[in-house]
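**Student:** Once you've had a glance at the structure underneath, I'll fire off some questions.
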Ligand SMILES: Cc1ncc(COP(=O)(O)O)c(C=O)c1O
């Protein structure tokens with residue numbers, strides 16, 4: 002949008018401070034090629050390839066047929082909030098109660114609300130790099146400033162309390178953690194996480210822990226900050242059913258936080274979306290209280306796909322890739338190709354990969370690094386092979 006258009010429209014400063022999601026932009030461009038009849042291999046989309054498990058779908062159908070189709074309490078029914086707390090308490094040894102839980106229209110919505118109630122104009126929020134695209138813009142929308150914490154790729158993007166401590170100023174309000182991480186798949190060591198939580202508690206800083214991939218952890222060290230009960234007056238756990246139960250389109254996320262923060266989030270939600278869809282709430286209860294084998298089955302398949310894609314990427318001359326320990330993304334470093342055929346950045350590589358090799362990936366710039374592209378491996382092995390082969394040929398010809 003040009004400055005002149007902005008002046009005519011008189012849009013707010015806050016909307017002009019943010020950008021559309023980089024991942025959505027890739028999806029749109031890949032869709033455009035597809036409508037032209039081009040066969041695109043899609044490594045861009047950040048969502049599971051599995052259908053939503055049948056018992057969850059059945060619960061939604063039963064909710065419709067049972068006329069559970071009216072408004073509910075803004076933060077979700079008591080049944081749902083109890084189910085969220087109970088699931089988390091048994092899986093991660095936390096002790097959340099209904100008053101500390103709010104259900105929202107997706108994890109992104111819960112994160113948006115939490116940031117709106119905790120971050121004020123001029124506040125600083127520490128953000129480890131690479132970061133999920135939306136963190137930066139949601140903080141900016143609230144008027145906050147992101148202070149980037151550069152994590153070292155050679156150390157598996159490790160984030161430690163010392164690294165955080167170096168960035169704390171009198172204006173620091175919060176730090177955002179995201180383990181397992183989108184885009185790198187990095188998993189924080191529980192000791193490092195505990196140290197960051199202790200430090201934040203000591204210094205009166207909030208920790209927003211985005212744990213939407215917490216069930217997709219392949220490191221053998223599955224951990225939620227929620228288990229650190231002694232410090233829970235200073236952190237917010239953000240979760241989502243989107244990835245755990247393959248329910249991205251249903252839009253059900255949640256937060257667990259001190260009751261005063263939760264009620265402030267409910268106040269904000271009461272003036273925007275109101276309750277998450279009633280039917281989806283019933284489906285969410287079925288997901289959280291029903292059999293959990295589906296989660297483990299999906300996790301096992303992701304491990305196989307992870308191994309397959311990383312092996313394939315590392316076999317491409319010039320590409321290096323850290324081993325992702327969670328989520329369903331690989332984050333290969335493609336900087337060896339800069340300088341070849343006018344390529345200067347990850348955006349250049351991703352752009353040409355899409356237009357010339359018809360493989361959709363997300364360039365690292367949206368996540369704060371310019372040497373990487375993000376590959377979502379939530380797809381079939383056959384599709385991974387097709388995409389990897391196209392990438393190999395394209396990069397070899399540069
Ligand atoms: C790190 C992270 N947090 C939150 C979300 C939001 O998920 P949803 O709004 O679908 O629950 C995503 C989705 O991609 C994510 O990757």
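Numbering (my numbering), first residue to last: 2 to 399.
C-beta atoms are modelled at their ideal positions from N, C-alpha and C, and glycine is treated no differently.
Remember, predicted model here, so these are calculated numbers, not experimental data.
(1) Going by beta carbon distance, what residues of the same chain come within less than 8 Å of residue 20, once the five residues before and after it are set aside?
(2) Looking only at its own chain, which residues have a Cβ that is under 7 Å from the Cβ of residue 234, when we skip the five neighbours before and after it?
(3) Taking contact to mean at least 3 C-beta pairs separated by less than 8 Å, is the stretch 73-88 in contact with the stretch 41-58?
(4) Report yes if the CB atom of residue 313 is closer than 7 Å to the CB atom of residue 389, and no otherwise.
(5) Three or more C-beta pairs under 8 Å: does that hold for the stretch 95-111 against the stretch 145-152?
(6) For residue 54, which of helix, strand or coil comes out of DSSP?
(7) Leaving out five residues before and five after residue 222 in sequence, what residues of the same chain have Cβ atoms less than 6 Å from its Cβ?
(8) Could you tell me which whole alpha helix (DSSP H) segments of length 4 or greater appear in the stretch 189-277?
(9) Rounded to a whole number of angstroms, what is the C-alpha to C-alpha distance between residue 245 and residue 30?
(10) Going along the chain, which residues of its own chain have a beta-carbon closer than 8 Å to the beta-carbon of residue 79, five neighbours each way excluded?
(11) Thinking just about the alpha-carbon of each residue, which of 376, 303, 196 and 287 is nearest to the one in residue 60?
(12) By how many angstroms is the C-alpha of residue 106 removed from the C-alpha of residue 249?
(13) List the residues that DSSP assigns as beta-bridge partners of residue 179.
(14) Quick check on the DSSP output: what are the complete alpha helix (DSSP H) runs of length 4 or more inside the stretch 341-375, in order along the chain?
(15) Across the stretch 272-286 and the stretch 128-137, are there enough close Cβ pairs to call them in contact, namely three or more that are closer than 8 Å?
(16) Relative to ligand 1, is the shortest distance from any of its heavy atoms to the C-beta of residue 218 smaller than 6 Å?
(17) Give the secondary structure of residue 125 by DSSP, where H, G and I count as helix, E and B as strand, and everything else as coil.
(18) Who pairs with residue 330 in a beta bridge, going by DSSP?
(19) Going by the C-beta, is residue 322 closer than 6 Å to any heavy atom of ligand 1?
(20) In terms of DSSP beta bridges, what is residue 151 paired with?
(21) Looking only at its own chain, which residues have a Cβ that is under 6 Å from the Cβ of residue 353, when we skip the five neighbours before and after it?
**Tutor:** Once the coordinates are examined:
(1) 138
(2) 259
(3) no
(4) yes
(5) no
(6) coil
(7) 191
(8) 191-204 and 260-271
(9) 27 Å
(10) 99
(11) 287
(12) 11 Å
(13) 211
(14) 347-353
(15) no
(16) no
(17) strand
(18) 377
(19) no
(20) 130
(21) none
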